[in-house]
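To start, the structure itself, in structure tokens.
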Amino acid sequence: MSLILYKFVPRNKFREAQLAFLFKQVITWIFGLIVVENGIIKYPHRLFFKKANKASFTFEFFILPAFCSLFNIYYPEQKHQIYKVLHYAFYTSIIVILEIYAIKSTNLIKYKKWTWYWSYITIMISYYISRLYYRWFFRYNNSQPIMKI
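Counting in the UniProt record's numbering, the sequence shown tops out at residue 149, every number present.
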């Protein structure tokens, strides 16, 4: 992910990518702790901070925020609504496909009372919240309302 961010985040967008990254960490920290502490998802094998909390540090504090950075800096702001919806679907699908692969092929994630479509919905909502914050923070296109997708 570090190499992907280094390669695909333009120098003039570094500050914007950093904001999206940090804000997504806040969102994933809250949602991640809720689902893990309530036994909805389990991470049996964690690489980092095994005793700090039960959440997956790698997934929730690095992979998701990195994709969110790319999602926000490449968002098709001036395009038609269909491109915006496809942008959400594309970035959400990448994460969910990686998660499904991790469930089926590794011992990194175990669904207890969760399914892939809950991941899809919550990740898409978190992208939307991130996008609202990003637009508010940078005041993009003040002539349009902030709540627009």
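Backbone N, C-alpha and C fix where the C-beta goes; we use that ideal spot for every residue, glycine too.
- Apart from the 5 residues on each side of it in sequence, E16 sits with its Cβ closer than 6 Å to the Cβ of I73 in its chain, given in chain order.
- In this chain, Y74 is not harboured by any alpha helix (DSSP H), its DSSP state being neither H nor E.
- Here DSSP, grouped into helix, strand and coil, assigns K54 to coil.
- With respect to I40, K112 sits close: the two C-beta atoms are nearer than 7 Å.
- Taking 7 Å as the cut-off, the beta carbon of P65 is found no closer than this to the beta carbon of F14.
- For a cut-off of 8 Å, the C-beta gap from F31 to S130 is around 12 Å, too long to register as a contact.
- Going by DSSP, Y128 is part of the alpha helix (DSSP H) stretching over W116 to F138.
- By the C-beta density criterion, V26 is exposed, having fewer than 16 other C-beta atoms within 10 angstroms.
- Contact between W116 and I94 fails: their C-beta atoms lie close to 13 Å from each other, not under 8 Å.
- Between K42 and K110, the CB-CB gap stays under 7 Å.
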